[in-house]
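Down below is the structure, laid out as structure tokens.
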Amino acid sequence: METEKQETTQEKPVEKPQPKPPEKHQRWGIANIFSSENNTIVHITDITGSETLARYSGGMMTNRDKDKGTAFPSMKAARKAAGDALSKGLVGVNIKIRAKGGHYKRIPGEGAQPAIKALLRSGLRIGTIENVTPIPHDSTRKPGGRRGRRV
């Protein structure tokens, strides 16, 4: 009886969870989000920008042309891209948002915000968010010439 009690009271070694790798060994990337009125493109690369890890667009998620630039397809595209990036070992991303720019709209389309939220909710850590829309520092000339587009 006493030997049985001694065996049961003996503590089993508790396995400790594996520590996460230090910050400098974690793999980060860049998420380029191009959002216009008509479409949203989510392109995730490595930190140098040379290797594409995932690229999806709102048009790949829906078969209706009018829905390509809306919130839901861009959310689905970002979720799929984040899943691919996580499976390839990415821990977090720095986000670069871009609109059409130039003499077109300089404000990103309606799919940009949901794409950022989807990246965050899918488990990727977010480092920085910056707007890289090309903005001219002088005037840009609209296409069509002096007399405009003749229809």
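Per this note's numbering, the very first residue in the sequence shown carries number 16; after that it's consecutive. Note that beta-carbon positions come from the ideal geometry of N, C-alpha and C, so glycine has one too. The model shown is predicted, which means the values in this text are computed figures rather than measured ones.
request  = List the residues that DSSP assigns as beta-bridge partners of Asp82.
outcome  = Walking along the sequence shown from the start, residue 82 turns up at place 67. DSSP output for Asp82 lists no bridge partner at all.
Sequence-distant residues of the same chain with beta carbon closer than 7 Å to Ile150, five excluded per side
By one-based count along the sequence shown, residue 150 stands at place 135. Result list for Ile150: Gly116, Arg121, in chain order.
Gly73: which of Ala130, Thr143, Ala97, Lys111 sits nearest, CA to CA? To locate residue 73, count along the sequence shown from 1; it is residue 58. Taking only the C-alpha atoms, the option nearest Gly73 is Ala130.
Cutoff 7 Å; reference Asn146; Cβ partners in own chain excluding five residues on either side = The residue you call residue 146 lines up with position 131 of the sequence shown. If we look at Asn146 and ignore the five residues flanking it on each side, its Cβ neighbours are Ile112.
Using only the alpha-carbon positions, how far apart do Asn47 and Arg165 sit? For the purposes of this step, residue 47 is identified with residue 32 of the sequence shown, where counting begins at 1. For the purposes of this step, residue 165 is identified with residue 150 of the sequence shown, where counting begins at 1. So the two alpha carbons sit approximately 36 Å from each other.
- Message: Could you tell me the alpha carbon to alpha carbon distance between Gln128 and Leu134, rounded to whole angstroms?
- Response: Within the sequence shown, residue 128 is the residue found at index 113, counting from 1. Within the sequence shown, residue 134 is the residue found at index 119, counting from 1. Going from the Cα of Gln128 to the Cα of Leu134 covers about 10 Å.
Per DSSP, cross-strand counterpart(s) of Ser72: The residue labelled residue 72 in the question sits at position 57 within the sequence shown. In DSSP, Ser72 forms a bridge with Ile56.
- Query: In angstroms, rounded to a whole number, what distance separates the CA positions of Gly64 and Ala97?
  - Reply: For the purposes of this step, residue 64 is identified with residue 49 of the sequence shown, where counting begins at 1. For the purposes of this step, residue 97 is identified with residue 82 of the sequence shown, where counting begins at 1. Distance between the alpha carbons of Gly64 and Ala97 is about 16 Å.
Can you say whether Gly104 is buried or exposed, counting buried as having 16 or more other CB atoms within 10 angstroms of its CB? Along the sequence shown, read from residue 1 onward, the residue named residue 104 stands at position 89. Burial call: exposed.
Can you give the Cα-Cα distance for Arg156 and Arg162, rounded to whole angstroms? On the sequence shown, position 141 is the one that residue 156 refers to. On the sequence shown, position 147 is the one that residue 162 refers to. The straight-line gap from Cα to Cα measures roughly 12 Å.
query = Can you tell me the Cα-Cα spacing of His40 and Arg79, whole angstroms?
reply = Within the sequence shown, numbered from 1, the residue matching residue 40 stands at position 25. Within the sequence shown, numbered from 1, the residue matching residue 79 stands at position 64. Cα to Cα, His40 sits roughly 42 Å from Arg79.
Quick check on the burial criterion: 16 or more other C-beta atoms within 10 angstroms. Buried or exposed for Thr67?
Position 52 of the sequence shown holds residue 67. It counts as exposed.
Item checked: Contacts around Arg140, its chain only, beta-carbon distance under 7 Å, and the 5 residues preceding and following it disregarded -> On the sequence shown, position 125 is the one that residue 140 refers to. Excluding positions up to five away in sequence, the list reads Val106, Gly107.
Worksheet item: For the beta strand (DSSP E) that Ala130 lies in, which residues bound it at each end?
Response: Position 115 of the sequence shown holds residue 130. Premise fails: Ala130 lies in the alpha helix (DSSP H), 127–136, not in any beta strand (DSSP E).
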